[in-house]
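Undergrad:
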Amino acid sequence: MVYIFYGESGKLTFLDGIMEDVGELSWLHNVPMKVTVELGQGQLSIRDLLLMVQGTVLELDKLAGEPLEVLVNDRLVSRGEVVMINEKYGIRLTDVINPDEK
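Note that the sequence shown covers residues 198 to 299 in this note's numbering.
1) Please list, in chain order, all residues of the same chain as residue 232 whose beta carbon is under 6 Å from its beta carbon, the five residues on each side excluded.
2) Comparing alpha-carbon positions, which option in 281, 249, 276 and 230 lies nearest residue 264?
3) The alpha helix (DSSP H) with residue 245 in it runs from where to where?
4) Do you know offhand how far residue 273's Cα is from residue 285's?
5) Considering Cα atoms alone, identify which of 296, 239, 293 and 294 is closest to residue 259.
6) How big is the Cα-Cα spacing for residue 229 and residue 261?
7) For residue 275, list the residues DSSP reports as bridge partners.
8) Should residue 266 go down as buried or exposed, given a rule of 16 or more other Cβ atoms within 10 Å for buried?
9) Between the Cα of residue 257 and the Cα atoms of 271, 241 and 224, which residue gives the shortest distance?
10) Per the DSSP calculation, residue 256 is bridged to which residue(s)?
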(Lines of atoms letter the chains of each structure in order from A; the text may use other names.)
(Lines give C-alpha, C1' and ligand atoms only; values in the text may rest on other atoms or scores of the structure.)
Protein backbone atom coordinates (compact mmCIF):
# COMPACT_ATOMS: atom_id res chain seq x y z
CA MET A 198 0.00 0.00 0.00
CA VAL A 199 1.24 3.50 -0.79
CA TYR A 200 0.61 6.28 1.72
CA ILE A 201 0.45 9.74 0.20
CA PHE A 202 0.03 13.18 1.73
CA TYR A 203 0.49 16.75 0.63
CA GLY A 204 3.63 18.10 2.24
CA GLU A 205 4.58 21.69 2.96
CA SER A 206 5.34 22.24 -0.73
CA GLY A 207 1.82 21.19 -1.74
CA LYS A 208 3.25 18.36 -3.85
CA LEU A 209 2.61 14.66 -3.39
CA THR A 210 5.08 12.89 -1.13
CA PHE A 211 5.39 9.12 -1.04
CA LEU A 212 5.85 7.98 2.55
CA ASP A 213 5.98 4.24 1.97
CA GLY A 214 5.32 1.77 -0.82
CA ILE A 215 6.66 0.41 -4.06
CA MET A 216 5.69 1.57 -7.53
CA GLU A 217 5.42 -1.32 -9.95
CA ASP A 218 7.31 -1.09 -13.23
CA VAL A 219 4.73 0.12 -15.73
CA GLY A 220 7.10 0.34 -18.68
CA GLU A 221 5.86 2.59 -21.46
CA LEU A 222 3.20 4.17 -19.22
CA SER A 223 5.77 6.09 -17.18
CA TRP A 224 4.88 9.31 -19.03
CA LEU A 225 1.49 9.16 -17.24
CA HIS A 226 2.99 9.30 -13.74
CA ASN A 227 2.70 13.09 -13.39
CA VAL A 228 -0.74 13.59 -14.94
CA PRO A 229 -2.84 15.43 -12.32
CA MET A 230 -6.12 13.81 -11.26
CA LYS A 231 -8.90 15.21 -9.09
CA VAL A 232 -9.21 13.29 -5.79
CA THR A 233 -12.36 13.71 -3.70
CA VAL A 234 -13.04 12.19 -0.28
CA GLU A 235 -16.79 12.05 0.26
CA LEU A 236 -18.11 12.22 3.81
CA GLY A 237 -21.71 11.68 2.77
CA GLN A 238 -24.61 13.12 0.82
CA GLY A 239 -27.87 14.81 1.63
CA GLN A 240 -30.71 16.74 0.08
CA LEU A 241 -31.47 20.40 0.54
CA SER A 242 -34.39 22.48 -0.67
CA ILE A 243 -33.76 25.85 -2.26
CA ARG A 244 -35.54 27.42 0.72
CA ASP A 245 -33.16 25.74 3.18
CA LEU A 246 -30.19 26.72 1.01
CA LEU A 247 -31.26 30.37 1.13
CA LEU A 248 -31.69 30.20 4.93
CA MET A 249 -28.19 28.79 5.55
CA VAL A 250 -25.98 30.81 7.89
CA GLN A 251 -22.74 30.16 9.71
CA GLY A 252 -23.43 27.37 12.20
CA THR A 253 -26.11 25.63 10.11
CA VAL A 254 -25.84 21.84 10.41
CA LEU A 255 -26.50 19.66 7.36
CA GLU A 256 -27.59 16.06 7.95
CA LEU A 257 -25.83 13.46 5.80
CA ASP A 258 -26.82 9.92 4.84
CA LYS A 259 -23.88 8.13 6.52
CA LEU A 260 -23.53 7.11 10.14
CA ALA A 261 -20.59 8.29 12.23
CA GLY A 262 -17.72 5.82 11.85
CA GLU A 263 -18.77 4.55 8.42
CA PRO A 264 -15.97 4.48 5.83
CA LEU A 265 -15.50 7.55 3.64
CA GLU A 266 -15.49 7.12 -0.13
CA VAL A 267 -12.43 8.08 -2.20
CA LEU A 268 -13.20 9.13 -5.77
CA VAL A 269 -10.65 9.81 -8.50
CA ASN A 270 -12.06 11.83 -11.38
CA ASP A 271 -15.54 11.14 -9.93
CA ARG A 272 -15.07 7.33 -9.94
CA LEU A 273 -15.13 5.32 -6.70
CA VAL A 274 -11.69 3.75 -6.19
CA SER A 275 -11.50 3.03 -2.45
CA ARG A 276 -12.93 3.53 1.03
CA GLY A 277 -11.12 4.60 4.15
CA GLU A 278 -11.05 6.26 7.54
CA VAL A 279 -9.93 9.71 8.65
CA VAL A 280 -6.45 10.08 10.18
CA MET A 281 -4.41 13.09 11.27
CA ILE A 282 -1.03 13.80 9.63
CA ASN A 283 0.87 16.72 11.17
CA GLU A 284 -2.36 18.54 12.13
CA LYS A 285 -3.89 17.94 8.68
CA TYR A 286 -6.53 15.45 7.64
CA GLY A 287 -5.62 12.32 5.73
CA ILE A 288 -7.35 9.07 4.87
CA ARG A 289 -6.17 5.52 5.58
CA LEU A 290 -7.45 3.22 2.85
CA THR A 291 -9.35 0.25 4.26
CA ASP A 292 -10.74 -1.12 1.00
CA VAL A 293 -9.52 -0.71 -2.58
CA ILE A 294 -12.26 -1.23 -5.15
CA ASN A 295 -11.60 -3.71 -7.95
CA PRO A 296 -12.71 -2.00 -11.20
CA ASP A 297 -14.29 -5.28 -12.36
CA GLU A 298 -16.63 -5.32 -9.31
CA LYS A 299 -18.19 -1.88 -9.90
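For every residue, glycine included, the Cβ atom is placed at its ideal position computed from N, Cα and C. None of these values were measured; they are calculated from a predicted model.
TA: The structure says:
1) Non-local C-beta neighbours of residue 232 in its own chain, meaning closer than 6 Å and more than five positions away in sequence, comprise 269, ordered along the chain.
2) Nearest of 281, 249, 276 and 230 to residue 264, Cα basis: 276.
3) Counting along the chain, the alpha helix (DSSP H) containing residue 245 begins and ends at 243-248.
4) Their Cα atoms are separated by approximately 23 Å.
5) In terms of CA proximity to residue 259, 239 leads the group 296, 239, 293 and 294.
6) Approximately 31 Å, taken between the alpha carbons.
7) Beta-bridge pairing links residue 275 to 267 and 293.
8) Result: buried.
9) Shortest Cα-Cα distance from residue 257 to any of 271, 241 and 224 involves 241.
10) DSSP output for residue 256 lists no bridge partner at all.
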